[in-house]
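So the sequence shown is numbered by our numbering: it starts at 282 and just counts up by one.
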Amino acid sequence: MDYIVLISAVIIGAGIAYFFQNNSKFSKRLLMFSAGLLLAITVLDMFPLLFQSGETNAGIWIIIGVGTQLLLEGLSKGIEHGHLHSSNDHTHNVIPLSVMLGLFIHSFLEGTPLEVHHHHMHTHEVHEPHLHSSNILWALSIHKVSETIVLSTFLFSLNIKKIFAVSILILFAVSAPIGAFFGSFLAPNVYPKILGIVAGIFLHISSVIIFESNEKHSLDWQKLLLVFSGMFLGFLIS
Ligand SMILES: [Zn+2]
Ligand SMILES: [Zn+2]
282 MDYIVLISAV
292 IIGAGIAYFF
302 QNNSKFSKRL
312 LMFSAGLLLA
322 ITVLDMFPLL
332 FQSGETNAGI
342 WIIIGVGTQL
352 LLEGLSKGIE
362 HGHLHSSNDH
372 THNVIPLSVM
382 LGLFIHSFLE
392 GTPLEVHHHH
402 MHTHEVHEPH
412 LHSSNILWAL
422 SIHKVSETIV
432 LSTFLFSLNI
442 KKIFAVSILI
452 LFAVSAPIGA
462 FFGSFLAPNV
472 YPKILGIVAG
482 IFLHISSVII
492 FESNEKHSLD
502 WQKLLLVFSG
512 MFLGFLIS
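Listed below in structure tokens is the structure:
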């Protein structure tokens with residue numbers, strides 16, 4: 282089920298990018314909404330789960346997650362938070378390998394917490410672990426749709442063979458499910474550490490999306506409303 286939802290998110294994202302290439306307004310709106318939702322789920326679901334797990338260095342792992350994402354962005358140039366900061370020596374038929382590498386590691390990592398606590402976390406006093414796990418799944422999937430729109434728009438803009446672009450999208454689509462699969466084998470004492478790292482990644486991405494959408498710090502009510510509705514939905518389901 283989790284795998285199907287994650288893969289569908291990538292298919293939907295690629296479809297939106299393909300059929301609505303000129304409509305970036307929708308993508309921007311979805312990005313704002315997904316940032317609010319991701320932030321809420323991170324703070325309201327993942328943090329409590331992490332701090333209740335008995336992991337003594339819980340906060341440290343969140344910081345490591347933020348640091349990890351900072352490093353990955355050096356490779357991926359920001360695809361995961363909604364756009365590609367283009368480099369100067371940009372040739373229009375080469376896909377920078379570093380961009381793909383950064384993005385795949387990012388996507389693999391964000392899949393890892395999904396499967397695990399079905400097996401391990403219910404030994405602690407966490408209520409309804411299934412509910413929480415599916416919250417992370419939904420927030421992640423909406424984030425994946427935004428991420429895929431940016432990746433696909435970039436791929437379709439390049440002068441490369443279709444089959445090549447589609448192969449990259451397929452690789453991207455399976456990276457989070459592979460992460461979830463690997464995550465399901467993690468030892469119970471390792472799981473909170475990974476959860477902390479991924480929470481740090483989510484915290485950083487959602488903050489950056491919200492920041493970069495409005496670097497001039499003017500009150501854009503439409504954007505803010507989308508962020509707030511994402512947060513509110515996260516609050517409702519957490
Ligand atoms: Zn950026
Ligand atoms: Zn992501």
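By construction, the Cβ of each residue, glycine as well, lies at the ideal position given by its N, Cα and C atoms.
- Rounded to whole angstroms, the gap between the alpha carbons of G294 and F453 is 12 Å.
- By the Cβ neighbour-count rule, K474 is buried, with 16 or more other Cβ atoms within 10 Å of its own.
- Apart from the 5 residues on each side of it in sequence, A420 sits with its Cβ closer than 6 Å to the Cβ of L318, L319 and I322 in its chain, given in chain order.
- Around the beta carbon of P329, fewer than 16 other beta carbons sit within 10 angstroms, so the residue counts as exposed.
- In this structure, the alpha-carbon of V471 lies about 14 Å from that of I341.
- The nearest non-hydrogen atom of ligand 1 is 8 Å or more from the C-beta of G355.
- Taking a C-beta distance under 9 Å as the contact criterion, L331 and I345 do not qualify as a contact pair.
- Only residues of its own chain outside the window of five on either side were considered, and among them W342, I343, I344, I345, G346, V347, G348, T349 and Q350 have a CB closer than 8 Å to the CB of G481, listed in chain order.
- Comparing alpha-carbon positions, the option among S315, K306 and M381 lying closest to S456 turns out to be M381.
- For F466, there is no enclosing alpha helix (DSSP H), as DSSP marks it with neither H nor E.
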